[in-house]
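Participant:
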């Protein structure tokens, strides 16, 4: 059974549902848990900004990501589980690739994450991190949808 459950999180209700499912499973099988949150810093890395400090903005984004990760970590601990948590930085890479690479490095044997179930034009324009993870992952991926997203 699964021994290393990898959980990418954000601050959405869908991510919270996925985290709850992952915690149930981890408790049931006694698995180790790794929480990650990806911050994309490249969009604010250009140097010609006269009206804002890019480094300060990147720091604020990273700090917000750390707060999301801390809140998720607290939920895991409240369930009686131990977990490690890490901020991952993306510098223009596809976020799905950053997630899959880190999951492989950690030795995950299951990934659990939320999916927003976007369809049509919105999906075409935005793509899907969950879909990218699903296509690239070498381990099973449990996707959790939020019925409220319909």
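Numbering (UniProt numbering), first residue to last: 1 to 150. No residue lacks a Cβ here, since even glycine has one placed at the ideal position from N, Cα and C.
#1: What does the alpha-carbon distance come out to for the pair residue 92 and residue 8?
#2: Have a look at residue 23 and residue 56 and give me their C-alpha separation to the nearest angstrom.
#3: Please classify residue 36: does DSSP put it in a helix, a strand, or coil?
#4: Are residue 3 and residue 32 close, meaning C-beta to C-beta below 8 Å?
#5: What does the alpha-carbon distance come out to for the pair residue 84 and residue 94?
#6: Examine chain C for any beta-carbon lying closer than 8 Å to the beta-carbon of residue 115, and answer yes or no.
#7: Suppose you measure from the CA of residue 90 to the CA of residue 97; what does that come to, to the nearest Å?
#8: If you run the structure through DSSP and keep just helix, strand and coil, what is residue 114?
#9: Using DSSP with H/G/I as helix, E/B as strand and the rest coil, what is residue 5?
#10: Output needed for residue 107: all residues of its chain with C-beta closer than 7 Å, excluding positions within five of it in sequence on either side, in chain order.
#11: How far does the beta strand (DSSP E) with residue 144 in it extend, from its first residue to its last?
#12: Is the separation between the beta-carbon of residue 99 and that of residue 66 shorter than 8 Å?
#13: Would you report the Cα separation of residue 145 and residue 128, rounded to the nearest angstrom?
Facilitator: For this structure:
#1: On the chain shown, position 92 is the one that residue 92 refers to. On the chain shown, position 8 is the one that residue 8 refers to. Roughly 18 Å separates the two Cα atoms.
#2: Residue numbering aside, residue 23 sits at position 23 when the chain shown is read from its first letter. Residue numbering aside, residue 56 sits at position 56 when the chain shown is read from its first letter. About 35 Å.
#3: Residue 36 sits at position 36 when you count from the first residue of the chain shown. The answer is strand: DSSP assigns residue 36 an E or B state.
#4: On the chain shown, residue 3 is found 3 positions in, with the first residue counted as 1. On the chain shown, residue 32 is found 32 positions in, with the first residue counted as 1. Taking C-beta atoms as the reference points, residue 3 and residue 32 count as a pair closer than 8 Å.
#5: The residue given as residue 84 occupies position 84 in the chain shown. The residue given as residue 94 occupies position 94 in the chain shown. About 23 Å.
#6: Reference to chain C is not applicable here, since this structure consists of a single protein chain.
#7: Taking the chain shown and counting its residues from 1, one reaches residue 90 at position 90. Taking the chain shown and counting its residues from 1, one reaches residue 97 at position 97. Cα to Cα, the separation comes out at about 9 Å.
#8: Here residue 114 refers to the residue found at position 114 of the chain shown. Here residue 114 sits in strand by DSSP.
#9: Residue mapping note: residue 5 aligns to position 5 of the chain shown, counting from 1. Looking at residue 5 - three-state DSSP - the assignment turns out to be strand.
#10: Stepping through the chain shown from its first residue, residue 107 is reached at position 107. If we look at residue 107 and ignore the five residues flanking it on each side, its Cβ neighbours are 4.
#11: As a position in the chain shown, residue 144 is number 144, starting the count at 1. Segment 141-145, the beta strand (DSSP E) holding residue 144.
#12: Within the chain shown, residue 99 is the residue found at index 99, counting from 1. Within the chain shown, residue 66 is the residue found at index 66, counting from 1. It is not a contact, given that the beta carbons lie outside the stated cut-off.
#13: Residue 145 sits at position 145 when you count from the first residue of the chain shown. Residue 128 sits at position 128 when you count from the first residue of the chain shown. C-alpha separation (whole angstroms): 13 Å.
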